[in-house]
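With positions in the sequence shown counted from 1, the corresponding number in my numbering is that position plus 19. Cβ coordinates follow ideal geometry from the N, Cα and C atoms, glycine included.
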Amino acid sequence: MSDAILLTVQSGIATLTLNRPEVRNAIDDAMRGEMIEALEAVAADAAIKALVVTGAGSAFCAGGDVRGMQGRLAAPPEDVAINGWRRQSRTHRAVTLLHHMPKPVIAAVNGAAAGLGADVALACDFILCGERAQFTMSFLARGLIPDGGGMYFLPRRVGLARAKELVFSARRVGAAEALSIGLADRVVPDAELAAAAQDWAAQMGTHSAAALSLAKATLDRSLESSFEQVLAIGSQSQAICYTTAEHRASVAAFLGKSKS
Numbered sequence: 020m021s022d023a024i025l026l027t028v029q030s031g032i033a034t035l036t037l038n039r040p041e042v043r044n045a046i047d048d049a050m051r052g053e054m055i056e057a058l059e060a061v062a063a064d065a066a067i068k069a070l071v072v073t074g075a076g077s078a079f080c081a082g083g084d085v086r087g088m089q090g091r092l093a094a095p096p097e098d099v100a101i102n103g104w105r106r107q108s109r110t111h112r113a114v115t116l117l118h119h120m121p122k123p124v125i126a127a128v129n130g131a132a133a134g135l136g137a138d139v140a141l142a143c144d145f146i147l148c149g150e151r152a153q154f155t156m157s158f159l160a161r162g163l164i165p166d167g168g169g170m171y172f173l174p175r176r177v178g179l180a181r182a183k184e185l186v187f188s189a190r191r192v193g194a195a196e197a198l199s200i201g202l203a204d205r206v207v208p209d210a211e212l213a214a215a216a217q218d219w220a221a222q223m224g225t226h227s228a229a230a231l232s233l234a235k236a237t238l239d240r241s242l243e244s245s246f247e248q249v250l251a252i253g254s255q256s257q258a259i260c261y262t263t264a265e266h267r268a269s270v271a272a273f274l275g276k277s278k279s
């Protein structure tokens with residue numbers, strides 16, 4: 020893995036940093052692969068309780084690498100579609116890993132989150148912004164459509180009509196507006212962003228890892244499921260929770276306190 024993706028772990032909190040500040044952390048093909056590797060490692064590590072995703076320098080992520088787009092246009096016409104399909108597969112693998120990560124994921128947005136960068140933030144469970152954060156669904160300005168999950172995640176955050184307006188206009192949304200429309204969950208001063216993300220991640224990771232993973236998986240399916248389906252999924256998950264060491268220890272600790 021090169022230094023385009025930095026992955027650090029401290030006190031059970033992983034931080035994945037998009038690290039191409041010279042191009043505002045624009046994502047190229049190589050970076051997609053490294054991001055998948057890092058996210059797979061985080062998902063598999065039981066010692067990691069939560070994940071923070073952020074960007075190096077002055078931006079969170081400027082989206083796809085436009086220089087790479089220029090190079091792709093020079094490819095033989097018969098290769099453009101299949102190359103695009105392969106690239107889309109890697110993009111979708113990365114955002115799927117973020118969305119289905121079996122632990123809380125916080126996007127710490129430190130500047131511009133444009134195009135694919137906005138999609139990456141939206142794939143996380145929570146979006147924490149610095150005051151300079153800006154979002155733009157800039158795809159249509161490049162003659163493209165949102166392809167990193169934004170058309171799934173954005174309406175669920177802000178509603179269908181507002182999602183259409185943001186996609187069709189490709190306009191910039193500042194941190195204050197993002198908070199007011201539900202695109203962001205919290206806004207803090209830029210200088211406090213990193214510490215606030217770590218603190219929030221630590222709070223999210225304090226309870227049973229197994230119960231949290233099951234609760235997250237159920238909630239993520241709830242908008243596409245009926246009431247009865249959610250209850251059924253919950254019953255299966257709860258049966259698993261009954262068998263975990265965390266549940267047994269919690270019950271024992273509660274009973275111990277009640278006797279004292």
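Annotation note: the segment 113 to 176 contains the following uninterrupted alpha helix (DSSP H) runs of length 4 or greater, listed N- to C-terminal: 135 to 142. Here residue 159 really is in contact with residue 189; their C-beta atoms are around 5 Å apart, less than 8 Å. In this structure residue 219 is buried. Its beta-carbon is surrounded by 16 or more other beta-carbon atoms within 10 angstroms. With contact defined as three or more Cβ pairs closer than 8 Å, the segment 25 to 39 and the segment 217 to 235 are in contact. In this structure, the CA atom of residue 180 is about 24 Å from the CA atom of residue 126. Looking from the CA of residue 200, the closest CA among 182, 177, 24 and 247 belongs to 177. Contact between residue 134 and residue 108 does not hold, since the beta-carbon distance rounds to 18 Å and is not under 8 Å.
Counted as a single uninterrupted DSSP element, the stretch harbouring residue 67 is not any beta strand (DSSP E), since DSSP gives it neither H nor E.
Within the same chain, and ignoring the five residues on either side of residue 168 in sequence, the residues whose Cβ sits closer than 6 Å to its Cβ are 114, 138 and 142. Within the same chain, and ignoring the five residues on either side of residue 61 in sequence, the residues whose Cβ sits closer than 6 Å to its Cβ are 33, 67 and 70. Inter-residue distance for residue 251 and residue 84 is about 43 Å (C-alpha atoms, whole angstroms). Closest by C-alpha distance to residue 259, out of 229, 117, 174 and 246, is 229. For residue 74 against residue 36, the beta-carbon gap comes to about 7 Å, under 8 Å, which counts as contact. Here residue 110 is buried: its Cβ has 16 or more other Cβ atoms, across all protein chains shown, within 10 Å.
The alpha-carbon separation between residue 274 and residue 54 amounts to approximately 44 Å.
Annotation: residue 239 to residue 105 spans about 26 Å, alpha carbon to alpha carbon. Nearest Cα to residue 48 within the set 95, 103 and 76: 103.
Pairing residue 136 with residue 210 gives a Cβ-Cβ distance that is not under 9 Å. By the neighbour-count criterion, in which 16 or more other beta carbons inside 10 Å mark a residue as buried, residue 146 falls on the buried side. Under a 10 Å Cβ-count criterion, residue 144 is classified as buried, with 16 or more other Cβ atoms of the shown protein chains found around its own Cβ.
Taken through DSSP and simplified to helix, strand or coil, residue 229 comes out as helix.
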